[in-house]
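Residue numbers (this note's numbering), protein chains in the order written: chain R, 61 to 283; chain S, 2 to 222. Every residue gets a Cβ at the ideal spot worked out from N, C-alpha and C, and that includes glycine. Inspection log for the structure reproduced underneath, given as structure tokens.
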Amino acid sequence: MSNWDRFVETFFNAKVLARYWPDIVAGLWVTIGLAALVVVSGLVAGLGLALLRSLGVRVLNWAIIFVVDVFRALPPLVIIVLIYFGLPSLDIVPSGFVSTWASLALVLMAFAEEIFWAGLTAVPKGQWEAARSTGLGFGQTLMRVVLPQALRITIPPLTNRTIAITKGTALGSVVAVSEILGQASSAVSNSYNPSPLTLGAAAYLVLFLPVVVFGRWVEARFR
Amino acid sequence: MIETFFNAAIMVQAWPIILAGLGNTVLLSLLVVPLGLGGGLGLALLSTMRSPWVRWPLMAWVDFFRAFPPLVLLIFLYAGLPFAGLELGGFACVGIAFFLNTGSYYGEVFRAGIESVPAGQIEAARSTGLSRLQALVWVVLPQAVRAVLPDLLSNTLEVVKLTSLASVVALPELLFQARQAQSLTYNPTPIVAAAVVYFLMLWPLVRLLSRLENRAIAGRR
């Protein structure tokens, strides 16, 4: 057998690929579900915190800033391990999926709050004053005048950050979530062949390459 | 709850283990940050070439490694390559994975910086007799780095946080050591301690970045 044949036999083994293909596809769906949950809950929570911060209650703002700093400074894997291995001591036993979701959502929340807040403060004061003088209330001014302008400037940094955090779903494999990497790793140890890992890598590319290219486009479009 | 998460007796027992982990995390960061910076700088300098034969493969390379979750890359090197008879060990795998992944991110940051320097700068430098490479390194690069300093710092923060992935391939850095201590003591205090150590170590950088970024986003208007 030539070297090339052996390479193909090892990393692109047709028999192994055929056997574990459905597992990887199942993992792909778990990854997509987890990513979608993280993106939605993280962005909503981040926007919520930024709006809460715009109320200008000093003690509340200190608390928000501290929480944001904590989740920006801690590595996501550390938060996952903390939730998954720590909470059971309080008789709360979160699954790996819930631990990963909660951790990544908290991290995205922190980064999103920072970006939304920077966007809100970038809107000139005159906009507030003009809107209020037309008779709009605080909430109306915030939601209808300031927020739409703020969101526009936050789109490029927010897109890139969201993509980077979403890739963290692979960390779930450390706490036994059967997403792509988890499925691929267990298939490798069952088949004693790395082809499922090749397939898993391909699945990540199929999923994230369009997203990365989209991020590049957004960056250019909204500059 | 204090007994469980902030147990003093266990803390005393676990502290030397955690401290050794912290030392390794710092060493690992000192290795992988320059590795990524170097790789990124190389990519960015290459991307200044006009030829589409350089630009397009380069962009594909960068997007490829930005699309790959770093943990997937690391596992592929660590668990996949041995099947091809290439046993690299955890340390080398972390080095290579970080070079490829974080190098691509740093590369994008440097490229944005270089593109922000007006073309007149390089023309003026060339006209004084500097070669293309000299003009890039001595005239363009210093201005480029200044322009993207917040992004470079922010990326470096992410790289240091990312060193926690090395625990998956059994490098005895902070998270790995904390998990070892946790399984020895049957108590989550060591993990809480590791989290506190990470936070104290990185908080100053987070504060600084938060200021710089606020200014940058406000300046986009």
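- Here GLU124 of chain S is not near LEU29 of chain S, since their CB atoms are 8 Å or more apart.
- Using a Cβ distance threshold of 8 Å, GLY114 of chain S and ALA145 of chain S count as a contacting pair.
- The DSSP-derived three-state label of ARG51 of chain S is coil.
- If you check the CB distance, ILE225 of chain R and VAL167 of chain R come in under 8 Å.
- For ASP83 of chain R, the uninterrupted alpha helix (DSSP H) segment begins and ends at 74–113.
- Between the region 251–265 of chain R and the region 77–89 of chain R there are three or more inter-stretch CB-CB distances shorter than 8 Å, so the stretches are counted as touching.
- Pairing GLN183 of chain S with PHE145 of chain R gives a Cβ-Cβ distance under 8 Å.
- Linking LEU166 of chain S to SER52 of chain S through their CA atoms gives a straight-line distance of about 37 Å.
- The residues LEU166, VAL169, in chain order, have a CB closer than 7 Å to that of LEU72 of chain S in the same chain once the five nearest residues on each side in sequence are set aside.
- Closest option to GLN181 of chain S, judged by alpha-carbon separation, among S:ILE18, S:TRP139, S:ALA120, S:VAL149: S:ILE18.
- For the alpha helix (DSSP H) assignment, the uninterrupted runs of no fewer than 4 residues enclosed by the region 150–196 of chain S are, from N- to C-terminal side, 150–163, 175–186.
- Unbroken alpha helix (DSSP H) stretches of 4 residues or longer found wholly inside the region 107–151 of chain S: 120–128, 142–148, given in chain order.
- Assigned with DSSP and collapsed to three states, TYR252 of chain R falls in coil, not helix or strand.
- Listed in chain order, the non-local C-beta contacts of LEU211 of chain R below 7 Å within the same chain comprise GLY179, local neighbours out to five positions each way being set aside.
- Here DSSP, grouped into helix, strand and coil, assigns PHE282 of chain R to coil.
- C-alpha of LEU75 of chain S to C-alpha of PHE65 of chain S: approximately 15 Å in a straight line.
- A contact between stretches requires three or more CB pairs, one per stretch, nearer than 8 Å, and the region 226–239 of chain R meets this requirement with the region 94–104 of chain R.
- Closest by C-alpha distance to ALA68 of chain S, out of R:GLY108, R:ILE139, R:ARG221, is R:ARG221.
- Using beta-carbon distances, GLY108 of chain S does not count as an interface residue toward chain R, since no partner is under 8 Å.
- Taking all protein chains in view, the Cβ of SER132 of chain S is surrounded by fewer than 16 other Cβ atoms within 10 Å, so the residue is classified as exposed.
- In summary, no residue of the region 19–38 of chain S has a CB separated from any CB of chain R by less than 7 Å.
- Comparing C-alpha distances from ALA244 of chain R to each of R:ASP83, R:PRO184, R:ARG79, R:VAL68 shows the shortest one belongs to R:ASP83.
- Taking a beta-carbon distance threshold of 8 Å, TYR80 of chain R does not count as an interface residue toward chain S.
- Comparing C-alpha distances from VAL141 of chain R to each of S:LEU176, S:PHE84, S:SER211, S:LEU209 shows the shortest one belongs to S:LEU176.
- Any Cβ of chain S closer than 8 Å to the Cβ of ALA133 of chain R would place that residue at the interface, and such an atom is present.
- DSSP, reduced to helix, strand and coil, places MET203 of chain R within a helical segment of the structure shown.
- Contact with chain R is found for ARG67 of chain S, since one of that chain's Cβ atoms lies less than 8 Å from the residue's Cβ.
- For GLU189 of chain R, the enclosing alpha helix (DSSP H) begins and ends at 185–193.
- Contact of GLU69 of chain R with chain S is not assigned, every C-beta pair being separated by 8 Å or more.
- Identification of residues in the region 157–171 of chain S having a C-beta nearer than 9 Å to some C-beta of chain R yields LEU158, GLU159, VAL161, LYS162, LEU163, THR164, SER165, LEU166, SER168, VAL169, given in sequence order.
- Taking 9 Å as the upper bound on Cβ-Cβ separation, chain S lies near residues GLU174, ILE175, TRP177, ALA178 of the region 156–178 of chain R.
- Unbroken alpha helix (DSSP H) stretches of 4 residues or longer found wholly inside the region 8–39 of chain S: none.
- Contact between ILE143 of chain R and SER114 of chain R does not hold, since their C-beta atoms are separated by about 29 Å, which reaches or exceeds 8 Å.
- Excluding sequence positions up to five before and after PHE171 of chain R, its CB lies within less than 6 Å of the CB of ARG221, all in the same chain and listed in chain order.
- Assigned with DSSP and collapsed to three states, LEU265 of chain R falls in helix.
- Contact between ALA148 of chain S and SER117 of chain S is confirmed by a C-beta separation of about 5 Å, below the 8 Å threshold.
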